[in-house]
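Residues in the sequence shown are numbered consecutively from 1, following this note's numbering.
Worksheet: the structure to be examined is printed underneath.
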Amino acid sequence: MTLSLAKALRVQSTSCIAFTGAGGKTTAMFQLARELTPPVVVTATTHLGAWQIELADTHIAAGVASIEELEHGLNGVILITGKLDGDRAKPINDHLSGWLHQFCGYHSIPLLIEADGSRQKPLKAWADHEPPVPLFAEQIVEMAGLSGIGKPLNADNIHRPEIFSTLSGLNREEAVTAEAVNRVLLHENGGLKNIPPNARKSILLNQADTPELQSVASAMAKALMAKFDSVIVSSLKEKRIFAVHEPVAGIILAAGESSRFGQPKQLLDWRGQPFVRAAAMRALEAGLSPVVVVTGANAENVEETVKDLPVRIVRNEEWKEGQASSIRAGILSLTSAHLPPGEGHVGACIFLLADQPQVTVSILRALVERHAEGLYPILAPMVQDRRANPVLFDRAAFPDLLTLQGDIGGRGIFHKHHVEYLPWHDDRLLLDVDTPEMYQRIIKDDTL
Numbered sequence: 001m002t003l004s005l006a007k008a009l010r011v012q013s014t015s016c017i018a019f020t021g022a023g024g025k026t027t028a029m030f031q032l033a034r035e036l037t038p039p040v041v042v043t044a045t046t047h048l049g050a051w052q053i054e055l056a057d058t059h060i061a062a063g064v065a066s067i068e069e070l071e072h073g074l075n076g077v078i079l080i081t082g083k084l085d086g087d088r089a090k091p092i093n094d095h096l097s098g099w100l101h102q103f104c105g106y107h108s109i110p111l112l113i114e115a116d117g118s119r120q121k122p123l124k125a126w127a128d129h130e131p132p133v134p135l136f137a138e139q140i141v142e143m144a145g146l147s148g149i150g151k152p153l154n155a156d157n158i159h160r161p162e163i164f165s166t167l168s169g170l171n172r173e174e175a176v177t178a179e180a181v182n183r184v185l186l187h188e189n190g191g192l193k194n195i196p197p198n199a200r201k202s203i204l205l206n207q208a209d210t211p212e213l214q215s216v217a218s219a220m221a222k223a224l225m226a227k228f229d230s231v232i233v234s235s236l237k238e239k240r241i242f243a244v245h246e247p248v249a250g251i252i253l254a255a256g257e258s259s260r261f262g263q264p265k266q267l268l269d270w271r272g273q274p275f276v277r278a279a280a281m282r283a284l285e286a287g288l289s290p291v292v293v294v295t296g297a298n299a300e301n302v303e304e305t306v307k308d309l310p311v312r313i314v315r316n317e318e319w320k321e322g323q324a325s326s327i328r329a330g331i332l333s334l335t336s337a338h339l340p341p342g343e344g345h346v347g348a349c350i351f352l353l354a355d356q357p358q359v360t361v362s363i364l365r366a367l368v369e370r371h372a373e374g375l376y377p378i379l380a381p382m383v384q385d386r387r388a389n390p391v392l393f394d395r396a397a398f399p400d401l402l403t404l405q406g407d408i409g410g411r412g413i414f415h416k417h418h419v420e421y422l423p424w425h426d427d428r429l430l431l432d433v434d435t436p437e438m439y440q441r442i443i444k445d446d447t448l
């Protein structure tokens, strides 16, 4: 599945997006503009080169009056700038910027803003007045060009090298490392500077033109996700998105009564620890974040087994309704209204069943990695031509999961979305503990 930039950024039809940083802002902005349903308005709060004007279908270098004249004839990609000044177009002023925001919002037109300058260098640092990001921007796309890694820290490769040196801890002329780039991007006076408080924050690691640089970018993403909602690895010159790294939550369904089994399956022993704790430990080891444990029947006893772990406990008071109520409770805990301050947007979740402690870290990580490559709505392991658990759901499927009722799991929405299958050669994923006999079988199996 080939990812578009629009899908990688999770762009909405009325998005207002500002591009900052270095390493391909103009390319990214116009590539995105061409992917969206026209009309699309593109503008800049910094100077643009005259050559960039021809990337648009229409160029308006004037004020509000000129735009109002075109109000009923807007089509294609419309570039709006200040007046031309030699080989550059001046930035728009604050008045026009605010007017454009209102105009585009009223007409449901995407507004893309180049809000930084970098002198066409792959990397940069920021002066006191930079970046000129409008406060109304809903999403920030911070860019960094990976071609700058390994190059000397000087003005040939980096815009404002003296500030980059201060923020990164590198000396002038030292080779720029991936770690140094991350330090700059994660610095309050670096990549996090002037970002509106409620804006979605994405990093676009561009120029990942070789497998080596793609690997470097994936390693960088782990640290960057501490402060950014998503990290995208791309080669825009090839129009390729290699990966979209986002937090993937783990939701452990542990609310059932286990009435047919005769005792709470969540509390059965698995290698010296309760089933539910084993599932939580695997989710944490796999890097899922946050890990949510949904409890219901025997809630206090179940919660006691995981209270010392860095997990979020959600008690489902409607557990008697069936599994759907626990799915809803888990998904609702991931919405922005329920997230603790400072926690970002979750890109997907993996549901784990409390009676399947044999699920491995390797399958959890494989699901996360495969999802990053395609942002598939639903992703499930396929073992011996049979669908297995656990199943990953992209956030695009969350609204449908919230409509589930009764004793039905996520399979209840499979008909609404494309389901991608991950071939897996581990038949342990097909086992679950429905009877005491099955429990005795799995605890005696040394291969599990």
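Built from N, CA and C at the ideal position, the CB exists for glycine as well.
- Between the region 310-328 and the region 216-226, the count of Cβ pairs shorter than 8 Å is below three; the stretches do not touch.
- Judged by DSSP secondary structure, Y421 falls within the beta strand (DSSP E) whose first and last residues are V419 to P423.
- Secondary structure remark: continuous beta strand (DSSP E) runs of at least 3 residues inside the region 113-167, in chain order: 139-145.
- Your pair T20 and A144 does not check out as a contact, with CB atoms roughly 10 Å apart and the cut at 8 Å.
- Shown here for A62: same chain residues with a beta carbon closer than 8 Å to its own, the five before and five after excluded, namely K83 in chain order.
- The count of Cβ pairs closer than 8 Å, one atom from the region 14-29 and one from the region 103-118, reaches three, so the stretches are in contact.
- Comparing alpha-carbon positions, the option among E318, N189, R370 and L153 lying closest to F393 turns out to be R370.
- When DSSP assignments are scanned along the region 80-107, the uninterrupted stretches of alpha helix (DSSP H) that are 4 or more residues long and fall wholly within it turn out to be 94-106.
- If you look at M281, you'll find it in the alpha helix (DSSP H) that goes F275 to E285.
- Along the length of the region 4-83, whole alpha helix (DSSP H) runs at least 4 residues long occupy 5-8, 25-35, 50-53 and 64-69, reported in chain order.
- Here E162 is exposed, its C-beta having fewer than 16 other C-beta atoms within 10 Å.
- Annotation: the continuous alpha helix (DSSP H) that includes P399 extends over F398 to L401.
- For R240, no alpha helix (DSSP H) segment is defined; the enclosing uninterrupted segment is the beta strand (DSSP E) at R240 to H245.
- Less than 8 Å divides the Cβ of T45 from the Cβ of I92.
- Judged by beta-carbon spacing, D87 lies beyond the 8 Å limit of A56, meaning their Cβ atoms are not closer than that value.
- Annotation: N182 is outside any beta strand (DSSP E); the continuous alpha helix (DSSP H) that includes it extends over A178 to L185.
- If you keep only unbroken beta strand (DSSP E) runs of at least 3 residues inside the region 298-347, you get 312-315.
- A direct Cα-Cα distance of roughly 8 Å separates G148 from I158.
- Residue range V248 to A254 is occupied by the beta strand (DSSP E) that includes G250.
- Between the C-alpha atoms of P290 and R312 there is a straight-line separation of about 7 Å.
- DSSP places K444 inside the alpha helix (DSSP H), whose first and last residues are P436 to K444.
- Between the alpha carbons of R395 and N171 lies a distance of about 43 Å.
- By the neighbour-count criterion, in which 16 or more other beta carbons inside 10 Å mark a residue as buried, H101 falls on the buried side.
- Remark: C-beta atoms of A354 and A299 do not approach each other more closely than 8 Å.
- The region 222-241 makes no contact with the region 267-277; the number of CB pairs closer than 8 Å stays below 3.
- When the Cα atoms are used, R387 and Y421 turn out to be separated by approximately 8 Å.
- T37 is classed as exposed because its beta carbon has fewer than 16 other beta carbons within 10 Å across all chains shown.
- At the C-beta level, L375 and V244 come within 8 Å of one another.
- Here the alpha carbon of M29 sits roughly 8 Å from the alpha carbon of V42.
- Residue environment for E257: exposed (fewer than 16 other C-beta atoms within 10 angstroms of its C-beta).
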